[in-house]
Amino acid sequence: MKTSLDLLVLLSLSLAAITRAETNDSLARVLAPEATVQKLAGGFKFTEGPTSDASGNVYFTDQPNDRIMKWSVDGQLTTFLQPAGRANGMCFDRQGRLIACADETNALWRIDVDRRTVTVLAWQYEGRPLNGPNDVWVAPNGDLYFTDPYYQRPWWKHKEPPQRGQHVYRLSADGQRLTRVADDLQQPNGITGSPDGKTLYVADIRAGRTYAYDIQPDGSLTNKRLFCEAGSDGMTIDAAGNLYLTGRGVLVFDRTGKRLGTIEVPENWTANVAFGGPDRRTLFITASTGLYSIRTRFPGANPGK
(Lines of atoms letter the chains of each structure in order from A and count residues from 1; the text may use other names and numbers.)
(Lines give C-alpha, C1' and ligand atoms only; values in the text may rest on other atoms or scores of the structure.)
Protein backbone atom coordinates (compact mmCIF):
# COMPACT_ATOMS: atom_id res chain seq x y z
CA MET A 1 0.00 0.00 0.00
CA LYS A 2 1.37 3.39 -0.96
CA THR A 3 1.73 6.06 1.69
CA SER A 4 0.44 9.59 1.25
CA LEU A 5 4.06 10.64 0.63
CA ASP A 6 4.34 8.05 -2.15
CA LEU A 7 1.16 9.38 -3.73
CA LEU A 8 2.45 12.93 -3.48
CA VAL A 9 5.67 11.94 -5.20
CA LEU A 10 3.74 10.13 -7.96
CA LEU A 11 1.44 13.11 -8.40
CA SER A 12 4.45 15.41 -8.66
CA LEU A 13 6.06 13.13 -11.25
CA SER A 14 2.82 12.93 -13.21
CA LEU A 15 2.41 16.70 -13.20
CA ALA A 16 6.03 17.10 -14.30
CA ALA A 17 5.44 14.67 -17.17
CA ILE A 18 2.31 16.57 -18.21
CA THR A 19 4.22 19.87 -18.05
CA ARG A 20 6.99 18.42 -20.22
CA ALA A 21 4.46 17.13 -22.72
CA GLU A 22 2.68 20.47 -22.87
CA THR A 23 6.02 22.24 -23.27
CA ASN A 24 7.05 19.92 -26.09
CA ASP A 25 3.69 20.39 -27.82
CA SER A 26 3.96 24.15 -27.43
CA LEU A 27 7.50 24.30 -28.80
CA ALA A 28 6.31 22.27 -31.78
CA ARG A 29 4.31 25.34 -32.74
CA VAL A 30 7.53 27.26 -33.42
CA LEU A 31 10.12 24.60 -34.28
CA ALA A 32 10.37 22.79 -37.60
CA PRO A 33 9.27 19.12 -37.54
CA GLU A 34 11.88 16.93 -35.80
CA ALA A 35 14.16 19.94 -35.34
CA THR A 36 17.09 19.48 -32.96
CA VAL A 37 19.84 21.76 -31.76
CA GLN A 38 22.97 21.38 -33.89
CA LYS A 39 26.46 22.45 -32.85
CA LEU A 40 28.08 24.33 -35.74
CA ALA A 41 31.37 25.42 -34.23
CA GLY A 42 33.19 25.45 -30.89
CA GLY A 43 36.41 26.40 -29.17
CA PHE A 44 35.45 30.01 -28.49
CA LYS A 45 35.95 31.81 -25.20
CA PHE A 46 32.52 33.47 -25.04
CA THR A 47 30.18 33.99 -27.98
CA GLU A 48 27.71 36.87 -28.32
CA GLY A 49 25.90 39.23 -30.66
CA PRO A 50 24.65 37.09 -33.58
CA THR A 51 23.09 38.93 -36.51
CA SER A 52 22.61 38.14 -40.20
CA ASP A 53 23.13 40.11 -43.39
CA ALA A 54 20.68 40.24 -46.29
CA SER A 55 22.01 36.96 -47.70
CA GLY A 56 21.64 35.11 -44.41
CA ASN A 57 25.32 34.99 -43.44
CA VAL A 58 25.61 35.17 -39.66
CA TYR A 59 28.09 37.38 -37.84
CA PHE A 60 28.79 36.88 -34.14
CA THR A 61 31.42 37.86 -31.62
CA ASP A 62 33.98 35.97 -29.58
CA GLN A 63 34.23 38.84 -27.15
CA PRO A 64 37.17 37.90 -24.87
CA ASN A 65 39.24 37.09 -27.98
CA ASP A 66 38.24 40.47 -29.48
CA ARG A 67 36.99 39.20 -32.82
CA ILE A 68 33.87 39.14 -34.97
CA MET A 69 33.30 35.82 -36.73
CA LYS A 70 31.30 35.03 -39.85
CA TRP A 71 29.33 31.83 -40.47
CA SER A 72 28.48 31.79 -44.17
CA VAL A 73 25.34 30.32 -45.71
CA ASP A 74 27.51 27.51 -47.10
CA GLY A 75 28.79 26.60 -43.63
CA GLN A 76 32.21 28.22 -43.66
CA LEU A 77 33.59 29.86 -40.54
CA THR A 78 35.99 32.82 -40.93
CA THR A 79 37.23 35.74 -38.89
CA PHE A 80 35.60 38.92 -40.16
CA LEU A 81 37.33 41.48 -37.95
CA GLN A 82 40.05 41.38 -35.31
CA PRO A 83 40.54 43.43 -33.19
CA ALA A 84 36.87 44.32 -32.99
CA GLY A 85 36.38 46.69 -30.07
CA ARG A 86 35.39 43.78 -27.81
CA ALA A 87 32.08 43.85 -29.69
CA ASN A 88 29.00 42.60 -27.87
CA GLY A 89 25.48 42.88 -29.32
CA MET A 90 25.21 43.59 -33.05
CA CYS A 91 22.60 44.22 -35.72
CA PHE A 92 22.63 45.01 -39.44
CA ASP A 93 20.89 48.18 -40.58
CA ARG A 94 18.82 48.50 -43.77
CA GLN A 95 21.87 49.69 -45.71
CA GLY A 96 23.82 46.52 -44.92
CA ARG A 97 26.10 48.14 -42.38
CA LEU A 98 26.98 46.30 -39.19
CA ILE A 99 26.02 48.11 -35.98
CA ALA A 100 28.09 46.90 -33.02
CA CYS A 101 28.18 47.62 -29.32
CA ALA A 102 31.93 48.21 -28.91
CA ASP A 103 32.37 47.29 -25.28
CA GLU A 104 36.07 48.14 -25.15
CA THR A 105 35.48 51.87 -25.66
CA ASN A 106 31.88 52.11 -24.31
CA ALA A 107 30.76 53.06 -27.80
CA LEU A 108 28.27 52.29 -30.54
CA TRP A 109 29.97 51.53 -33.87
CA ARG A 110 28.90 51.33 -37.49
CA ILE A 111 31.10 49.02 -39.56
CA ASP A 112 31.34 49.18 -43.34
CA VAL A 113 31.36 45.46 -44.16
CA ASP A 114 33.17 45.77 -47.50
CA ARG A 115 35.88 48.16 -46.31
CA ARG A 116 35.89 46.93 -42.71
CA THR A 117 36.13 50.51 -41.53
CA VAL A 118 34.58 51.84 -38.33
CA THR A 119 32.51 54.95 -37.63
CA VAL A 120 31.82 55.83 -34.00
CA LEU A 121 28.14 56.73 -33.69
CA ALA A 122 27.92 57.41 -29.96
CA TRP A 123 30.14 57.12 -26.89
CA GLN A 124 28.84 59.62 -24.35
CA TYR A 125 25.63 61.11 -22.99
CA GLU A 126 25.40 64.54 -21.38
CA GLY A 127 29.17 64.80 -21.25
CA ARG A 128 29.77 61.44 -19.58
CA PRO A 129 30.90 58.21 -21.28
CA LEU A 130 28.29 55.52 -21.72
CA ASN A 131 28.45 52.57 -19.31
CA GLY A 132 28.92 49.99 -22.05
CA PRO A 133 26.37 49.56 -24.86
CA ASN A 134 25.26 45.94 -24.70
CA ASP A 135 22.59 45.14 -27.27
CA VAL A 136 21.08 47.09 -30.17
CA TRP A 137 18.04 47.05 -32.44
CA VAL A 138 17.54 49.01 -35.65
CA ALA A 139 14.00 50.32 -36.14
CA PRO A 140 12.46 50.36 -39.65
CA ASN A 141 13.03 54.13 -39.88
CA GLY A 142 16.74 53.74 -39.07
CA ASP A 143 16.63 54.81 -35.41
CA LEU A 144 18.91 52.79 -33.15
CA TYR A 145 17.73 51.62 -29.74
CA PHE A 146 20.34 50.20 -27.40
CA THR A 147 20.75 49.13 -23.79
CA ASP A 148 23.53 50.50 -21.61
CA PRO A 149 23.97 48.36 -18.49
CA TYR A 150 27.17 48.16 -16.46
CA TYR A 151 29.26 45.00 -16.28
CA GLN A 152 32.80 45.52 -15.05
CA ARG A 153 35.25 44.38 -17.74
CA PRO A 154 38.87 43.31 -17.27
CA TRP A 155 39.92 45.54 -20.20
CA TRP A 156 38.57 48.72 -18.58
CA LYS A 157 40.64 51.09 -16.46
CA HIS A 158 37.60 52.58 -14.68
CA LYS A 159 35.91 50.74 -11.83
CA GLU A 160 32.65 52.68 -11.51
CA PRO A 161 29.80 53.25 -13.98
CA PRO A 162 30.20 56.58 -15.81
CA GLN A 163 26.42 57.08 -16.06
CA ARG A 164 24.10 57.49 -13.10
CA GLY A 165 22.02 54.39 -13.62
CA GLN A 166 21.58 51.82 -16.36
CA HIS A 167 19.27 52.92 -19.13
CA VAL A 168 17.93 52.53 -22.67
CA TYR A 169 18.86 55.02 -25.39
CA ARG A 170 17.73 56.02 -28.88
CA LEU A 171 20.06 57.39 -31.54
CA SER A 172 18.12 59.11 -34.32
CA ALA A 173 18.54 57.76 -37.84
CA ASP A 174 20.58 60.82 -38.85
CA GLY A 175 22.94 60.21 -35.94
CA GLN A 176 22.38 63.70 -34.55
CA ARG A 177 20.21 63.10 -31.49
CA LEU A 178 20.96 60.72 -28.64
CA THR A 179 18.14 60.56 -26.10
CA ARG A 180 17.47 58.47 -23.01
CA VAL A 181 14.15 56.73 -23.57
CA ALA A 182 13.85 54.46 -20.50
CA ASP A 183 15.38 55.22 -17.11
CA ASP A 184 13.44 53.07 -14.65
CA LEU A 185 15.05 49.65 -15.21
CA GLN A 186 17.53 47.93 -12.94
CA GLN A 187 19.79 46.42 -15.60
CA PRO A 188 18.49 46.50 -19.19
CA ASN A 189 20.16 43.97 -21.44
CA GLY A 190 18.49 42.24 -24.40
CA ILE A 191 16.50 44.38 -26.81
CA THR A 192 14.47 43.92 -29.98
CA GLY A 193 11.40 45.35 -31.65
CA SER A 194 8.42 44.46 -33.79
CA PRO A 195 8.94 44.65 -37.58
CA ASP A 196 6.33 47.40 -37.91
CA GLY A 197 8.41 49.58 -35.60
CA LYS A 198 5.57 50.10 -33.13
CA THR A 199 6.71 47.98 -30.17
CA LEU A 200 10.03 47.77 -28.37
CA TYR A 201 10.92 44.85 -26.08
CA VAL A 202 13.54 45.32 -23.38
CA ALA A 203 14.75 42.71 -20.90
CA ASP A 204 15.58 43.84 -17.38
CA ILE A 205 17.88 40.96 -16.59
CA ARG A 206 18.47 41.88 -12.95
CA ALA A 207 14.74 42.21 -12.27
CA GLY A 208 13.99 38.95 -14.11
CA ARG A 209 11.41 40.63 -16.33
CA THR A 210 10.91 41.67 -19.94
CA TYR A 211 8.83 44.73 -20.81
CA ALA A 212 7.07 45.99 -23.92
CA TYR A 213 6.77 49.66 -24.87
CA ASP A 214 4.86 51.57 -27.52
CA ILE A 215 7.17 53.51 -29.84
CA GLN A 216 5.82 56.97 -30.56
CA PRO A 217 6.27 58.85 -33.87
CA ASP A 218 9.01 60.97 -32.27
CA GLY A 219 10.88 57.84 -31.13
CA SER A 220 9.99 58.13 -27.45
CA LEU A 221 8.52 55.22 -25.48
CA THR A 222 5.16 55.04 -23.72
CA ASN A 223 2.82 52.47 -22.17
CA LYS A 224 5.43 50.35 -20.43
CA ARG A 225 3.91 46.97 -19.60
CA LEU A 226 5.12 43.60 -18.37
CA PHE A 227 5.54 41.16 -21.23
CA CYS A 228 6.79 38.17 -19.24
CA GLU A 229 8.30 37.21 -15.90
CA ALA A 230 11.71 36.41 -17.33
CA GLY A 231 14.82 38.43 -17.97
CA SER A 232 17.14 37.84 -20.88
CA ASP A 233 20.67 38.36 -22.12
CA GLY A 234 19.95 38.74 -25.85
CA MET A 235 16.69 38.23 -27.70
CA THR A 236 14.98 38.09 -31.07
CA ILE A 237 11.49 37.84 -32.55
CA ASP A 238 9.98 35.80 -35.39
CA ALA A 239 7.41 36.77 -38.03
CA ALA A 240 4.56 35.34 -35.92
CA GLY A 241 5.48 37.57 -32.98
CA ASN A 242 7.06 34.85 -30.84
CA LEU A 243 9.87 36.14 -28.66
CA TYR A 244 13.07 34.17 -28.01
CA LEU A 245 14.89 35.01 -24.76
CA THR A 246 18.22 33.68 -23.55
CA GLY A 247 20.00 32.63 -20.37
CA ARG A 248 19.63 28.98 -19.40
CA GLY A 249 18.84 27.78 -22.91
CA VAL A 250 16.42 29.67 -25.16
CA LEU A 251 13.07 30.56 -23.59
CA VAL A 252 10.26 30.94 -26.12
CA PHE A 253 7.15 33.08 -25.51
CA ASP A 254 4.22 33.69 -27.82
CA ARG A 255 3.12 37.21 -28.73
CA THR A 256 0.88 37.42 -25.64
CA GLY A 257 3.71 36.59 -23.24
CA LYS A 258 2.69 32.96 -22.67
CA ARG A 259 5.72 30.70 -22.24
CA LEU A 260 5.87 27.96 -24.85
CA GLY A 261 8.92 26.18 -23.48
CA THR A 262 12.71 26.12 -23.42
CA ILE A 263 15.08 25.04 -26.17
CA GLU A 264 17.81 23.26 -24.26
CA VAL A 265 21.39 24.09 -25.24
CA PRO A 266 24.34 22.04 -23.91
CA GLU A 267 26.29 25.00 -22.47
CA ASN A 268 26.29 26.79 -19.13
CA TRP A 269 24.94 30.02 -20.58
CA THR A 270 23.11 31.06 -23.74
CA ALA A 271 23.95 34.68 -24.49
CA ASN A 272 22.07 35.63 -27.64
CA VAL A 273 20.04 34.52 -30.66
CA ALA A 274 19.31 35.66 -34.22
CA PHE A 275 17.64 34.32 -37.34
CA GLY A 276 19.75 33.64 -40.40
CA GLY A 277 20.31 31.35 -43.35
CA PRO A 278 18.97 31.86 -46.90
CA ASP A 279 15.33 31.59 -45.81
CA ARG A 280 15.88 33.11 -42.34
CA ARG A 281 14.19 30.07 -40.77
CA THR A 282 17.25 29.00 -38.81
CA LEU A 283 17.71 30.25 -35.28
CA PHE A 284 21.40 30.76 -34.53
CA ILE A 285 22.38 30.54 -30.88
CA THR A 286 25.56 31.88 -29.29
CA ALA A 287 26.17 29.91 -26.11
CA SER A 288 29.42 30.27 -24.18
CA THR A 289 32.04 28.32 -26.15
CA GLY A 290 29.90 27.35 -29.14
CA LEU A 291 27.68 28.40 -32.02
CA TYR A 292 24.47 26.37 -32.39
CA SER A 293 21.41 26.34 -34.62
CA ILE A 294 17.91 24.94 -34.85
CA ARG A 295 15.33 25.08 -37.64
CA THR A 296 12.07 26.94 -37.05
CA ARG A 297 8.61 27.18 -38.63
CA PHE A 298 8.68 30.96 -38.89
CA PRO A 299 11.35 33.25 -40.32
CA GLY A 300 12.87 36.05 -38.32
CA ALA A 301 10.80 39.22 -38.25
CA ASN A 302 13.58 41.79 -38.46
CA PRO A 303 16.30 42.07 -41.10
CA GLY A 304 19.60 41.51 -39.34
CA LYS A 305 18.23 40.52 -35.93
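Just so we're aligned, residue 22 is where the sequence shown starts under the numbering used here, counting upward by one.
We put the CB at the ideal spot given by N, CA and C, even for glycine.
- Secondary structure at glutamate 288: coil, using DSSP grouped into helix, strand and coil.
- Aspartate 254 and leucine 98 have their C-alpha atoms some 24 Å from each other.
- In the displayed model, aspartate 83 falls within a strand according to three-state DSSP.
- Within the same chain, Cβ atoms closer than 6 Å to the Cβ of phenylalanine 274 are found at Cys249, Leu264 and Arg280, the five residues on either side in sequence being excluded.
- For tryptophan 158, DSSP records a beta bridge to Tyr166.
- For the set Phe67, Phe65, Pro71 and Asn293, the Cα lying nearest the Cα of glycine 325 is the one of Pro71.
- For the pair arginine 50 and glutamate 181, the Cα-to-Cα distance works out to about 45 Å.
- Collapsing the DSSP output to three states places threonine 126 in a helix.
- Spatial neighbours of tryptophan 290 in its own chain (CB-CB distance under 6 Å, excluding positions within 5 residues in sequence) are listed in chain order as Ser309.
- In terms of Cβ geometry, leucine 129 and proline 154 form a close pair [threshold 9 Å].
- According to the DSSP secondary-structure assignment, valine 273 is paired through a beta bridge with Tyr265 and Gly282.
- The C-beta separation of threonine 126 from tryptophan 144 comes to about 6 Å, placing the pair in contact by the 8 Å criterion.
- Nearest to leucine 142 by alpha-carbon distance, out of Asn244, Asn86, Tyr166 and Asp135, is Tyr166.
- A check of alpha carbon separations from proline 85 across Gly218, Gln184, Pro209 and Arg174 identifies Arg174 as the nearest.
- Cβ-Cβ distances below 8 Å link proline 320 to Asp259, Ala260, Phe296, Asp300, Arg301 and Arg302 in the same chain, with the five nearest sequence neighbours on each side left out; the list follows chain order.
- Alanine 233 and alanine 105 have their C-alpha atoms roughly 31 Å apart.
- Inclusion of threonine 100 and leucine 312 in the CB contact set at 9 Å is not warranted, their separation being larger than that value.
- The alpha-carbon separation between methionine 90 and phenylalanine 81 amounts to approximately 5 Å.
- Rounded to whole angstroms, the gap between the alpha carbons of leucine 192 and serine 241 is 11 Å.
- Exposure of serine 93 is indicated by the presence of fewer than 16 other C-beta atoms within 10 angstroms of its C-beta.
- For glycine 63, same chain residues with a beta-carbon under 8 Å away, outside a window of 5 residues either side, are Thr310, Gly311 and Leu312 in chain order.
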